[in-house]
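Have a look at the structure below, then the notes.
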Amino acid sequence: MNVLVVDDSKLARMAVIKLFRALHPDWSHVQAANGDEAIAALNEKKVDLVVLDFNMPGRDGLDLAAEFRKIRPTMPIAVISANYQREVVDRARVVGATFLPKPVTEQALKEFLATAVQRRQDFDP
Amino acid sequence: MNEFLEYFLVEARELVERATSDLLMLERAPSDRERLDGVFRAFHTLKGGASIVDFGPMSRAMHAAEEVLSATRASDQLVTPTLISDCLTCLDQVDQWLDAVQDSGDLPGDAEAAADRVIVRFTADPKSADDTQGKPIATASAVRAILPAAIAVLQEQLSLLVTGGDGAEGRMASAGRLAANVLRHIARLDDAKQIERAFLQSRTSGDFTLLSAAIERVVEKMRAPVPVEAVAANAPRAASTSRTLRVDTERVNELVNVTGELIVAKNAVGHIAKLAMEANNTLAAVIKDEHARFDHLIETLQRVVRGLRVLPMHVVFQRFSRQVREMSESHGKPVRLVTEGDKTEADKAIVEMLFEPLLHVVRNAIDHGVEPAEQRAAAGKPSLATLYLKAWREGERVVVEVEDDGGGIDVAKIRQAVAERCLVSREVLSAMSNAEVLDLIFLPGFSTALEITELSGRGVGMDAVRTAIERLRGRVLVETRLGKGTTVRFVLPFSVMMTPVITVEAGGQMFGIPLDAVIETVRIPREQIYSVGGAHAFVLHNQTIPLIELGRTFGWGADHASFDATVVVASSGGQLGGLQVDRLGAHMEVMLKPTEGLLSGMPGIAGTTLLGDGSVLLVLNLEDVLQ
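Top line first, the protein sequences correspond to chains A and B. At position 12 of the first sequence (counting the first as 1) the number is 12 in my numbering, and the numbers step up by one without a gap. Here my numbering runs 125 ahead of the position in the second sequence, where the first position is 1.
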């Protein structure tokens, strides 16, 4: 599995990757600091799963998630935000992304992965 | 130590810097939504970072600020000066925390209380905050008159707090707010803040006695007789909380020196990493990683140290009130000086070098720009001329402007004068735009041309002004409107590039060696220096290093051959060498000037700099020297 982590804060990216390492030491990771880098990574590399930050300069995480959806309709996407806002949660649901509160905990990530992998199996048996 | 701490520090410093610059821009343009977005995002990311590294108090403080910023962002309201100053205060606090984290790896022990103080700024009832800002606070005599009533109100709140049961939380909230408002009303701002803090603590802990104890303390204080002056003096102090700390220049210089030492230590680690790599030592990779980390941290340190050495423009501007008054009197032209942006800060080196060029421009403005009173009257202008000195920050640049409302520069007359003096050929001149012609006032020799033609224009010594500003890596721009006035603008970098050097003495001459290249300084016993062909070398850490006698290289006498050699080991362009010197001097940061005149093009010299005692320090170009 290859995970794409998108956040303009390197610290935040490192924190997420650390959790992934703890859960799945064998997975690889790609990082992107903004929307353009993320789209480029998605087009150039084999990406199986995306975790992106809601609050970024330029396109926000949900706009980006919607774009990812167009490119990869079945790929699991998680949008993380430090602020639990009903609107963000709802919009995440509309684009088929999972909302995760920031800072992301191991438990939250585990649950997301469980449902995400489940969904992937539903789509490509 | 938390593994993310290093990145947290780097990122947080950057965010604080970015948010500060955005806030300062917002101060000038409160409707700039993009800046507001930037500030919001910076606070948001700071909050996220703080919670990743488990700094709860910082995360709470950032959250409070973020909430208010978010509300402002969602509304159409302009950003208020109060919000800007609260945010800046909050960032100051963050900066202090970051310093503590850098030192100790953790927030200081009083972080919770400090966070509460920040939070109060953002959560205090906005209406009561406005009261203290806008309306004059009750006069001292009025305060004395209503003091008993205020005490009665506070005691009432106390009695409400002792009864527990249903709705206790709501009662506590209203008691806390009311008590704080009453205290604000009678100008006891510090007391009001204490109540607010106690209120927050009570609310989070559920322990109402914290609030009642705080109210009791205040009531007790109010019962004691208060001198009238103390009440009046309290108000302004509380309104403008100090955001700065005075530090002795000497201490900053010490910091600069230690930073220099660190650079040498870092270079030594880099060298060891290389040796380990060549020796296939198993630790090589680890040392290399550590070196990279070290390198990164020192770069940050250098930036932080640079940020310490700032001065407000006020330092230069204040010198002009007397200058302008005197010039105005001696020319018989009434001129008033208006300064704006006195508090704008820039690198000390820049602020201190601004006086001369500014004086040139101001003198020109009064000499040639401002018309005699009768001429002004004929043109329908007020007889009192106005000269503006302005400064402001634009991102990484500082702009300083001299603006007059005089006669402006007649570009046609410049064309004529330039043509007559043949400074530029007629064909070239006729093809030039007005702006390009105006730029000719910076030509060396232009001022003389004007003086000869007795043209009352501008340009006395403008070439010197441009040279001075360009030496600081700045630019000079001129705008003029005939009959309306002229503006001369200096666009300067916020900080100058300083090169850290170690000074050495060799052959009776002082040299500066850039610290970036220095690996270590050692004493080599004479008998360990041996000859290789016509040259000398020594062995250090199992490596043969060629010895370069610095004094002899530059032909300034011979070195003493009978003593142990003092050697600066340096590396540049892949070459390693030991520079033999007579004496080691101090670490210092210098602003390099390209060599001029006799020294220009001299191999081995990167540039010169003036020392405090007026002597010239030659800074070596090690790549040349080690070849």
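Ideal Cβ placement from N, Cα and C applies to all residues, glycine included. These numbers were taken from a predicted model, which means no experiment stands behind them.
Report yes or no: is there a C-beta of chain A within less than 8 Å of the C-beta of threonine 669 (chain B)?
Along the second sequence, one-based indexing puts residue 669 (chain B) at 544. The beta carbon of threonine 669 (chain B) sits no closer than 8 Å to any beta carbon of chain A.
Between which two residues does the alpha helix (DSSP H) containing alanine 21 (chain A) stretch?
Mapped onto the first sequence, residue 21 (chain A) falls at position 21. Checking the sequence shown, residue 21 (chain A) turns out to be arginine, not alanine. Looking at the DSSP string, the run of the alpha helix (DSSP H) that includes arginine 21 (chain A) is 10-23.
Give me the subset of the stretch 25-51 of chain A whose CB atoms are less than 9 Å from a CB atom of chain B, sorted by chain position.
none
CA-CA distance, leucine 4 (chain A) and aspartate 90 (chain A)?
Walking along the first sequence from the start, residue 4 (chain A) turns up at place 4. Walking along the first sequence from the start, residue 90 (chain A) turns up at place 90. Leucine 4 (chain A) and aspartate 90 (chain A): Cα-Cα distance of roughly 23 Å.
So the alpha helix (DSSP H) isoleucine 340 (chain B) belongs to, where does it begin and stop?
Taking the first residue of the second sequence as 1, we reach residue 340 (chain B) at position 215. Where isoleucine 340 (chain B) is concerned, the enclosing alpha helix (DSSP H) stretches over 334-348.
Would DSSP call glutamine 705 (chain B) helix, strand or coil?
As a working mapping, residue 705 (chain B) is identified with position 580 in the second sequence. Correct three-state label for glutamine 705 (chain B): strand.
Tell me whether phenylalanine 324 (chain B) sits in a helix, a strand or coil according to DSSP, three-state version.
Start at 1 with the first residue of the second sequence, and residue 324 (chain B) comes out as number 199. Three-state result, phenylalanine 324 (chain B): helix.
Please confirm if serine 176 (chain B) has its CB atom under 8 Å from at least one CB of chain A.
On the second sequence, position 51 is the one that residue 176 (chain B) refers to. So yes, serine 176 (chain B) belongs to the interface.
With a Cβ-Cβ cutoff of 8 Å, do leucine 49 (chain A) and isoleucine 71 (chain A) count as a contact?
In the first sequence, the residue the question calls residue 49 (chain A) occupies position 49. In the first sequence, the residue the question calls residue 71 (chain A) occupies position 71. Contact flag unset, no.
Strictly below 9 Å CB to CB, what residues from chain B border proline 57 (chain A)?
Start at 1 with the first residue of the first sequence, and residue 57 (chain A) comes out as number 57. Within 9 Å Cβ-Cβ: Asp162, Gly163, Arg166.
Spell out whether any CB of chain B is found under 8 Å from the CB atom of alanine 82 (chain A).
If you number the first sequence from 1, residue 82 (chain A) lands on position 82. So yes, alanine 82 (chain A) belongs to the interface.
With three or more C-beta pairs closer than 8 Å as the rule, is the stretch 530-545 of chain B touching the stretch 605-613 of chain B?
yes
Measure the C-alpha to C-alpha separation of leucine 272 (chain B) and glutamate 294 (chain B) and round it to an integer number of angstroms.
In the second sequence, counting from the first residue as 1, residue 272 (chain B) sits at position 147. In the second sequence, counting from the first residue as 1, residue 294 (chain B) sits at position 169. Going by the C-alpha atoms only, they are around 28 Å apart.
Along the stretch 6-19 of chain A, what residues have a CB closer than 9 Å to any CB found in chain B?
Asp7, Asp8, Ser9, Lys10, Leu11, Ala12, Met14, Ala15, Lys18
Give me the residue from B:Ala556, B:Val647, B:Asp162 with the minimum Cα distance to glycine 702 (chain B).
In the second sequence, counting from the first residue as 1, residue 702 (chain B) sits at position 577. When only C-alpha atoms are compared, the closest one is B:Val647.
Looking at chain A, is there any beta carbon in it that lies within less than 8 Å of the beta carbon of phenylalanine 129 (chain B)?
On the second sequence, residue 129 (chain B) is found 4 positions in, with the first residue counted as 1. For phenylalanine 129 (chain B), the answer is yes, since a Cβ of chain A falls inside 8 Å of its Cβ.
Methionine 727 (chain B) lies in the alpha helix (DSSP H); which residues open and close that run?
Your numbering for residue 727 (chain B) matches position 602 in the second sequence. Neither: methionine 727 (chain B) is in no alpha helix (DSSP H) and is coded neither H nor E.
Nearest by alpha-carbon distance to glycine 385 (chain B): which of B:Asp641, B:Gly632, B:Ala240 is it?
For this step, residue 385 (chain B) is matched to residue 260 along the second sequence. Among B:Asp641, B:Gly632, B:Ala240, the Cα nearest to that of glycine 385 (chain B) is on B:Asp641.
From glutamate 748 (chain B) to methionine 478 (chain B), what distance separates their C-alpha atoms?
Counting from one through the second sequence, the residue named residue 748 (chain B) turns up at place 623. Counting from one through the second sequence, the residue named residue 478 (chain B) turns up at place 353. Computed Cα separation, rounded: 31 Å.
Can you tell which of B:Glu192, B:Leu148, B:Arg153, B:Val178 has the C-alpha that lies nearest to the C-alpha of histidine 169 (chain B)?
Within the second sequence, numbered from 1, the residue matching residue 169 (chain B) stands at position 44. Selected option, being the one with the closest Cα: B:Glu192.
For the stretch 91-107 of chain A, list every residue whose C-beta sits within 8 Å of some C-beta in chain B, in sequence order.
Within the stretch 91-107 of chain A, the residues whose Cβ lies closer than 8 Å to some Cβ of chain B are Lys102, Pro103, listed in chain order.
What is the rounded straight-line gap between the Cα of proline 261 (chain B) and the Cα of aspartate 217 (chain B)?
Sequence index remark: in the second sequence, residue 261 (chain B) carries index 136 (1-based). Sequence index remark: in the second sequence, residue 217 (chain B) carries index 92 (1-based). In this predicted model, proline 261 (chain B) has a pLDDT of only 37, less than 50, meaning its place in the structure is not dependable; the value taken from the coordinates is given anyway. If you take the alpha carbons of proline 261 (chain B) and aspartate 217 (chain B), they lie about 28 Å apart.
Please return the same chain residues whose Cβ sits closer than 7 Å to the Cβ of alanine 175 (chain B), not counting the five positions on each side in sequence.
On the second sequence, residue 175 (chain B) is found 50 positions in, with the first residue counted as 1. Taken in chain order, the residues that qualify are Met183, Ser184, Met187.
So which of B:Arg551, B:Leu709, B:Glu528, B:Thr605 has the shortest CA-CA distance to isoleucine 566 (chain B)?
The residue you call residue 566 (chain B) lines up with position 441 of the second sequence. Nearest of B:Arg551, B:Leu709, B:Glu528, B:Thr605 to isoleucine 566 (chain B), Cα basis: B:Thr605.
Work out the CA separation of valine 219 (chain B) and alanine 510 (chain B) for me, nearest whole Å.
Position 385 of the second sequence, counted from the start, is the residue given in the question as residue 510 (chain B). Position 94 of the second sequence, counted from the start, is the residue given in the question as residue 219 (chain B). In a straight line, the C-alpha of alanine 510 (chain B) is about 46 Å away from that of valine 219 (chain B).
Rounded to the nearest angstrom, how far is the Cβ of phenylalanine 636 (chain B) from that of threonine 628 (chain B), given a contact under 8 Å?
Walking along the second sequence from the start, residue 636 (chain B) turns up at place 511. Walking along the second sequence from the start, residue 628 (chain B) turns up at place 503. Confirmed, Cβ separation roughly 7 Å.
Can you tell me which of B:Ala393, B:Trp517, B:Asp179 puts its alpha carbon nearest to the alpha carbon of valine 476 (chain B)?
Within the second sequence, the letter at position 351 stands for residue 476 (chain B). With distances taken between Cα atoms, valine 476 (chain B) lies closest to B:Trp517.
Counting Cβ pairs closer than 8 Å, one from the stretch 541-561 of chain B and one from the stretch 490-507 of chain B, do we hit at least three?
no
Could you give the distance in angstroms between the alpha-carbon of lysine 46 (chain A) and the alpha-carbon of isoleucine 412 (chain B)?
Here residue 46 (chain A) corresponds to residue number 46 of the first sequence, with the count starting at 1. Here residue 412 (chain B) corresponds to residue number 287 of the second sequence, with the count starting at 1. Their Cα atoms are separated by approximately 34 Å.
Determine the extent of the beta strand (DSSP E) in which leucine 548 (chain B) is found, giving its start and end residues.
Locating residue 548 (chain B) in the second sequence gives position 423, where the first residue counts as 1. Leucine 548 (chain B) -> no beta strand (DSSP E), and no H or E assigned at all.
Can at least three beta-carbon pairs, one atom from the stretch 554-566 of chain B and one from the stretch 450-463 of chain B, be found at a separation below 8 Å?
The stretch 554-566 of chain B makes no contact with the stretch 450-463 of chain B; the number of CB pairs closer than 8 Å stays below 3.
Determine the contact status of valine 164 (chain B) and leucine 213 (chain B), defining contact as a CB-CB distance below 8 Å.
Translated into the one-based positions of the second sequence, residue 164 (chain B) becomes position 39. Translated into the one-based positions of the second sequence, residue 213 (chain B) becomes position 88. Cβ atoms of valine 164 (chain B) and leucine 213 (chain B): not closer than 8 Å.
Please check if any C-beta of chain A sits within less than 8 Å of the C-beta of threonine 197 (chain B).
Here residue 197 (chain B) refers to the residue found at position 72 when the second sequence is read from its first residue. With 8 Å as the cut-off, threonine 197 (chain B) does not count as an interface residue toward chain A.
For phenylalanine 247 (chain B), would you say it is in contact with chain A, using Cβ-to-Cβ distances shorter than 8 Å as the test?
Here residue 247 (chain B) is taken as the residue at index 122 of the second sequence, counted from 1. No, phenylalanine 247 (chain B) lies away from the interface with chain A (no Cβ there is under 8 Å from its Cβ).
Could you give the uninterrupted runs of the beta strand (DSSP E) lying entirely in the stretch 501-559 of chain B, keeping only those of 3 residues or more?
510-519, 522-529
Is the separation between the beta-carbon of leucine 62 (chain A) and that of phenylalanine 54 (chain A) shorter than 8 Å?
The residue given as residue 62 (chain A) occupies position 62 in the first sequence. The residue given as residue 54 (chain A) occupies position 54 in the first sequence. Cβ distance < 8 Å, so leucine 62 (chain A) and phenylalanine 54 (chain A) count as in contact.
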